[in-house]
Amino acid sequence: MDKTRFLLRDERIRKNLKAFIDSLPTDPHRPLEITVNDAKRTLPQNDLFHALCTDVSRQVVWADKPRPLLDWKALFVSGHAIATGRPGEVVTGLEGEFCSIRESTAQMGVKRMNSLIEYAQAWSVGNGVRRREVRYSGDYFGRVG
-6 MDKTRFLLRD
4 ERIRKNLKAF
14 IDSLPTDPHR
24 PLEITVNDAK
34 RTLPQNDLFH
44 ALCTDVSRQV
54 VWADKPRPLL
64 DWKALFVSGH
74 AIATGRPGEV
84 VTGLEGEFCS
94 IRESTAQMGV
104 KRMNSLIEYA
114 QAWSVGNGVR
124 RREVRYSGDY
134 FGRVG
C-alpha cells in the first residue's frame, strides 16, 4: 500500500481522514500501521536557524579556529540535545575517526525546532554575537531586513 498523508487543518479534512480510515481493510495477520505526528519544522524555521548559524560562524572562533555554518549547526544540535536531556553519542567512525551521532533538524517537529532556535539564540546572545534581522522571503537563508 502506498503511503497516504493527511494534514489535519480543518473539519473537511478530518471527515476525509475518517472516511479513508473506514475504507481500509483489516487483517489480524498483516495489520496496517497508522501514525499521527506533529508537523515537521517549517521552511521559515529552517531559514532562521541557518541565518543564525551563519551569523555565529562569521563572528565566533571555536576550538581555536573559525567554523563554517554546518559545523555550528552540528554544535548547536548536539548542545541542544544535551541541554534538553537527550543522550549524546560519539562512536568510532568508518575510518577510525570520532563521529557524533545526532538528530536530524529535517526530522524535527515544529516545537523541537523552536526549542533548538531558542537555544541557539540564547547561546549567541550570551556570547556576544550580533545577529541580523532575518525575514523569510522564499530564499534559502532568508533576507537581511
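Mapping of the sequence shown onto the numbering used here: position 37 corresponds to residue 30, and the numbering continues sequentially without gaps.
We put the CB at the ideal spot given by N, CA and C, even for glycine.
Around the beta carbon of Ser16, a 10 Å sphere encloses fewer than 16 other beta carbons of the protein chains shown; the residue is thus reported as exposed. Three or more beta-carbon pairs separated by less than 8 Å are not found between the region 72 to 81 and the region 39 to 52, which leaves the two stretches without contact. Looking at the DSSP output, Thr85 sits in a beta bridge with Phe91. Residue burial is scored here from C-beta neighbours: Trp65 has at least 16 other C-beta atoms within 10 angstroms and is therefore classed as buried. A contact between stretches requires three or more CB pairs, one per stretch, nearer than 8 Å, and the region 17 to 27 fails this requirement with the region 93 to 108. Counting only runs that start and end inside the region 34 to 108, the alpha helix (DSSP H) elements of at least 4 residues fall at 36 to 52 and 62 to 76. Judged by DSSP secondary structure, Arg7 falls within the alpha helix (DSSP H) whose first and last residues are Glu4 to Ser16.
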